[in-house]
Structure formats: structure tokens, C-alpha cells
Amino acid sequence: QVHIVESGGGLVQPGGSLRLSCAASGSIFSIVAMGWYRQAPGKQREFVATIPSGGGLVYADSVKGRFTISRDNAKNTVYLQMNSLKPEDTAVYYCNVHNGQRGYWGQGTQVTVSS
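Here the sequence shown stands for residues 1246 to 1360, numbered as in our numbering.
In C-alpha cells:
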């Protein structure tokens, strides 16, 4: 069993910041990559950022310069620092943990950017 738990979502005004956390536990023996995706109402789930175990951060163009992904390997935890938030960042944010064979998804955390 693998458990993925996200936290840190909420309501924030445009220009504000939020920090998401995702902790993985259970039968994860070798994490290849940890990342974030999001899904806005009426839209498909889209890639936000990933941090592979071998290094090399990757971001979606829409969040470059505003979002920062980081990871604590000892805790199997990945973070997403989101700054300069825009209304179009409103979505459910999902964590994905990949062990080289399959990815595991969390339940999602809602981020709402509104004045």
C-alpha cells in the first residue's frame, strides 16, 4: 500500500502565496520522481512541475518564475511554493509519486485564487 497525502491548499488573493506539501508513505521502495499536476473545473489535468531523483527540475511554462518545487528525500516529501498567484492558478492540485513502474496519486488539495 502506498499513501499520498497533500496539504496546504486554500483561498488566497491574487498576488499571494501558498505552499503545498505532499508526503508519501508505505511500500515505496525507490522513488524516481515526485511532481505536481493540477485540474481546473472543466479542464483536463495538466502538468505543473516535477523533481526527478537524478536532478533537473522541470516546470510548466505557465508557472516558471512563480512556482518552486523542492523535495526532502529523508521524509519522502515534495513541496510546491507558489508565489504571485493568479486567478488562473485556481485548481485542484495533485501530487504524483513515481517509482519507475507506476505513478501514485494523492487525493488533491484545492487552491482558489480570488479577491
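Built from N, CA and C at the ideal position, the CB exists for glycine as well.
According to the neighbour-count rule (16 or more other Cβ atoms, all chains shown, within 10 Å of its Cβ), is residue i buried or exposed?
i: alanine 1319; result: exposed
i: phenylalanine 1312; result: buried
i: glycine 1351; result: buried
i: glutamate 1251; result: buried
i: glycine 1254; result: buried
i: arginine 1347; result: exposed
i: glycine 1299; result: exposed
On the premise that residue j lies in contact with residue i, defined as a C-beta separation below 8 Å, what is that separation, rounded to the nearest angstrom?
i: alanine 1269; j: valine 1247; result: 7 Å
Can you give me the Cβ contacts of residue i inside the same chain, cut-off strictly under 7 Å, excluding the 5 residues immediately before and after it?
i: glutamine 1355; result: Gly1254, Val1337
i: glycine 1271; result: Gln1246, Val1247, His1248
Can we say the region 1323-1332 touches the region 1255-1274, given the rule of at least three CB pairs closer than 8 Å?
Contact check between the region 1323-1332 and the region 1255-1274: three or more CB pairs, one atom from each, fall below 8 Å, which counts as touching.
So does the region 1273-1293 actually touch the region 1335-1344, counting three or more Cβ pairs closer than 8 Å?
Touching, yes.
Suppose only complete runs of 3+ residues qualify. What are the beta strand (DSSP E) ranges in the region 1303-1349, listed by chain order?
Runs of the beta strand (DSSP E) inside the region 1303-1349: 1312-1317, 1322-1327, 1336-1343.
Just list the beta strand (DSSP E) runs in the region 1253-1307, keeping only unbroken ones of 3 residues or longer that don't cross its boundaries, in chain order.
If we require 3 residues or more, the beta strand (DSSP E) runs fully inside the region 1253-1307 come out as 1255-1257, 1263-1271, 1278-1284, 1291-1297.
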